[in-house]
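A.B. asks: Those letters in the sequence shown? Residues 903 to 1040, per our numbering, in order.
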Amino acid sequence: MKKFLLVFVLAFPFWIGMSDAQQLVYRPINPAFGGETFNYQWMLSSAQAQDTFTDPSADAFGYGRDPMEDFAESLNRQILSNLAREIVTRQFGEEGLQEGSYQLGDYLIDIGGGGGGLNVSIRDSRTGATTTVEVPHF
């Protein structure tokens, strides 16, 4: 044991002299953490290649919903927008708005006069939700 310790103590300075070291340098790869911006496309394509998750709500054509359903909803929004513009124009203009019930797509719209202004009730026939708006007279 003493010989081993003696050999180790005598050989240790030589091992120190032969060993080399260098400074460790951290270089980030991800552009979000300070990496090179040109790595973005490579990292994105690598992540997409490894992605095996498929969205269950997306169909084979890449649409999340039915295009015809989107068209019908867009048309309903435009009709309601035009109706709202007409109500405000007639209520604050010189002409009066005719009272009554109107069926527009999935919506039943009741327009009636009240003591303080104009009452507009919009009922969605699909969901049964009702929205009531009162436009006051000025």
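Just so you know, even glycine gets a beta-carbon here, dropped at the ideal spot from N, CA and C.
Going along the chain, which residues of its own chain have a beta-carbon closer than 8 Å to the beta-carbon of Glu1001, five neighbours each way excluded?
C.D. replies: The residues are Ile1013, Gly1014 and Gly1015.
A.B. asks: Please state whether the Cβ-Cβ distance between Ile1024 and Leu982 is less than 9 Å.
C.D. replies: Yes, the pair counts as a contact, with Cβ atoms nearer than the cut-off.
A.B. asks: Do Thr1034 and Asp1026 have their beta-carbon atoms positioned less than 9 Å apart in this structure?
C.D. replies: Not closer than 9 Å, so no.
A.B. asks: Assign Leu946 to one of two classes, buried (16 or more other C-beta atoms within 10 Å of its C-beta) or exposed (fewer than that).
C.D. replies: By the 10 Å Cβ count, Leu946 comes out exposed.
A.B. asks: If you drop the 5 nearest sequence neighbours on each side, which residues of the same chain put their C-beta closer than 8 Å to that of Gly937?
C.D. replies: The answer, listed in chain order, is Arg929, Pro930 and Ile931.
A.B. asks: Given a threshold of 16 other Cβ atoms within 10 Å of its Cβ, counted over all protein chains shown, does Gly1037 qualify as buried or as exposed?
C.D. replies: For the record, residue 1037 in the displayed sequence is Val; it is not Gly. With 16 or more Cβ atoms within 10 Å of its Cβ, Val1037 is classed as buried.
A.B. asks: If you reduce the DSSP assignment to three classes, tell me which class Tyr928 lands in.
C.D. replies: Correct three-state label for Tyr928: coil.
A.B. asks: I'd like the ranges of any beta strand (DSSP E) spanning at least 3 consecutive residues and lying wholly in the stretch 987-1040.
C.D. replies: List check, beta strand (DSSP E) in window: 1002-1006, 1009-1015, 1019-1026 and 1032-1038.
A.B. asks: Which two residues bound the contiguous alpha helix (DSSP H) that contains Ala923?
C.D. replies: No alpha helix (DSSP H) contains Ala923, which DSSP labels as neither H nor E.
A.B. asks: Under the rule that 16 or more other beta-carbon atoms within 10 Å means buried, what is Leu926, buried or exposed?
C.D. replies: Under this definition Leu926 is an exposed residue.
A.B. asks: Are the C-beta atoms of Asn941 and some chain B residue less than 9 Å apart?
C.D. replies: The question asks about chain B, but that chain is absent: this structure has only one protein chain.
A.B. asks: Express the C-alpha separation of Asn984 and Tyr1007 in angstroms, rounding to a whole number.
C.D. replies: In the sequence as presented, Tyr is not what sits at residue 1007; that position holds Gly. Distance between the alpha carbons of Gly1007 and Asn984: 14 Å.
A.B. asks: Might you give, ordered along the chain, the residues of its own chain that have their beta carbon closer than 6 Å to the beta carbon of Asn1021, omitting 5 neighbours on each side?
C.D. replies: Cβ neighbours of Asn1021 beyond the five flanking positions: Gly1014 and Glu1036.
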